[in-house]
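Enquirer: Got a structure for you, questions after.
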Amino acid sequence: MAGLALAACGGDDDGGDEGNSGGDLDGKQLGSLTAEESQAVCQDLGASLTVTKEDLCEVAGAFASAFGGADCEATKAECMSEPEQPTEGGECATAGFADCTATVAEYKACMTAQVDALKAITCTTPLDPSGEPPAACAALSDKCPEILGGQAGGT
63 MAGLALAACG
73 GDDDGGDEGN
83 SGGDLDGKQL
93 GSLTAEESQA
103 VCQDLGASLT
113 VTKEDLCEVA
123 GAFASAFGGA
133 DCEATKAECM
143 SEPEQPTEGG
153 ECATAGFADC
163 TATVAEYKAC
173 MTAQVDALKA
183 ITCTTPLDPS
193 GEPPAACAAL
203 SDKCPEILGG
213 QAGGT
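Counting from 1 along the sequence shown, just add 62 to a position and that's the residue number in my numbering.
Here it is, written out as structure tokens:
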């Protein structure tokens, strides 16, 4: 879910094109961005949205509890005790931007909402069984469903 989208946008900041930060591009459509602008958007998001190991372990515990009958806290503790996995740096995955009419601002709002929803999952909060993206993703879902891995209309 969001983790995949963010992992694709994470990476080392090479200091790139400082004149085109992701925030300067909010009104542009994703499909009209240059490769450099697309990278700026991803780097901007990668720098502002963080998912910690604890967040990921909470999600693992909640899913194990909901779908596998395992104890959430035990699964989380096991996950936390595992060594950190190295993260891949490099280019953002922006192939879904081609022909996308959603704006950079709509994309950012959706990615932020997805990270917030991911961070809200704990061992004491129930999972949303609908699997629907957050409401902030409606425009992105309608205009560029391939970015969210679905079809038009959010299905």
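All C-beta atoms in this analysis are idealised placements derived from N, C-alpha and C, irrespective of residue type, glycine included.
1) Suppose you measure from the CA of Ala-122 to the CA of Thr-137; what does that come to, to the nearest Å?
2) Following the continuous alpha helix (DSSP H) through Ser-203, name the residue where it begins and the one where it ends.
3) Rounded to a whole number of angstroms, what is the C-alpha to C-alpha distance between Gly-84 and Cys-162?
4) How would you call Cys-199, buried or exposed, if buried means at least 16 neighbouring beta carbons within 10 angstroms?
5) Who are the Cβ neighbours of Gly-130 in its own chain at under 7 angstroms, not counting the five residues just before and after it?
6) Compare the C-alpha of Thr-186 against each of Leu-87, Ser-127, Lys-115, Gly-89 and name the closest.
7) Quick check: Leu-26 and Val-113, are their CB atoms within less than 8 angstroms of each other?
8) For Cys-160, which option in Gln-147, Ser-100, Asp-204, Gly-89 has the closest C-alpha, if you only look at C-alpha atoms?
9) What does the Cβ neighbour count give for Ser-203, buried or exposed, with the cut at 16 atoms within 10 Å?
10) The alpha helix (DSSP H) that contains Asp-117, what's its start and end?
11) Suppose you measure from the CA of Leu-106 to the CA of Gly-158; what does that come to, to the nearest Å?
12) Taking the C-alpha atoms as reference points, what is the distance between Cys-119 and Tyr-169?
13) Hey, Ala-164 and Ala-201: beta-carbon distance below 8 angstroms or not?
14) Going by DSSP in three states, Thr-165 sits in which element: helix, strand or coil?
15) Quick one: what's Gln-91 bridged to in DSSP?
Expert: In terms of the structure at hand:
1) On the sequence shown, position 60 is the one that residue 122 refers to. On the sequence shown, position 75 is the one that residue 137 refers to. Using only the alpha carbons, I get a separation of about 7 angstroms.
2) The residue labelled residue 203 in the question sits at position 141 within the sequence shown. Unbroken alpha helix (DSSP H) run through Ser-203: 200-205.
3) Along the sequence shown, read from residue 1 onward, the residue named residue 84 stands at position 22. Along the sequence shown, read from residue 1 onward, the residue named residue 162 stands at position 100. Because Gly-84 carries a pLDDT of 47, less than 50, the predicted location of this residue cannot be relied on, and the following value inherits that uncertainty. About 16 angstroms.
4) On the sequence shown, position 137 is the one that residue 199 refers to. With 16 or more other Cβ atoms within 10 Å, it is buried.
5) Within the sequence shown, residue 130 is the residue found at index 68, counting from 1. Once the five neighbours on either side are set aside, Gly-130 has no close Cβ partner at all.
6) Locating residue 186 in the sequence shown gives position 124, counting from the first residue. Out of Leu-87, Ser-127, Lys-115, Gly-89, Ser-127 has the C-alpha closest to the C-alpha of Thr-186.
7) With the chain covering only 63 through 217, there is no way to say anything about residue 26.
8) Position 98 of the sequence shown, counted from the first residue, corresponds to residue 160. Here residue 160 turns out to be Ala, not Cys, going by the sequence shown. Ranking Gln-147, Ser-100, Asp-204, Gly-89 by Cα distance to Ala-160 puts Ser-100 first.
9) Your numbering for residue 203 matches position 141 in the sequence shown. With 16 or more other Cβ atoms within 10 Å, it is buried.
10) For this step, residue 117 is matched to residue 55 along the sequence shown. That run of the alpha helix (DSSP H) goes 115-130.
11) For the purposes of this step, residue 106 is identified with residue 44 of the sequence shown, where counting begins at 1. For the purposes of this step, residue 158 is identified with residue 96 of the sequence shown, where counting begins at 1. Note that residue 106 corresponds to Asp in the displayed sequence, not to Leu. If you take the alpha carbons of Asp-106 and Gly-158, they lie about 17 angstroms apart.
12) Here residue 119 refers to the residue found at position 57 of the sequence shown. Here residue 169 refers to the residue found at position 107 of the sequence shown. Answer to the nearest angstrom: the Cα atoms are 26 angstroms apart.
13) Taking the sequence shown and counting its residues from 1, the one referred to as residue 164 is at position 102. Taking the sequence shown and counting its residues from 1, the one referred to as residue 201 is at position 139. Yes; because the gap between Cβ atoms is below 8 angstroms, this pair is in contact.
14) Here residue 165 is taken as the residue at index 103 of the sequence shown, counted from 1. If DSSP states are grouped into helix, strand and coil, Thr-165 belongs with the strands.
15) One-based indexing of the sequence shown puts residue 91 at position 29. According to DSSP, Gln-91 bridges with Thr-165.
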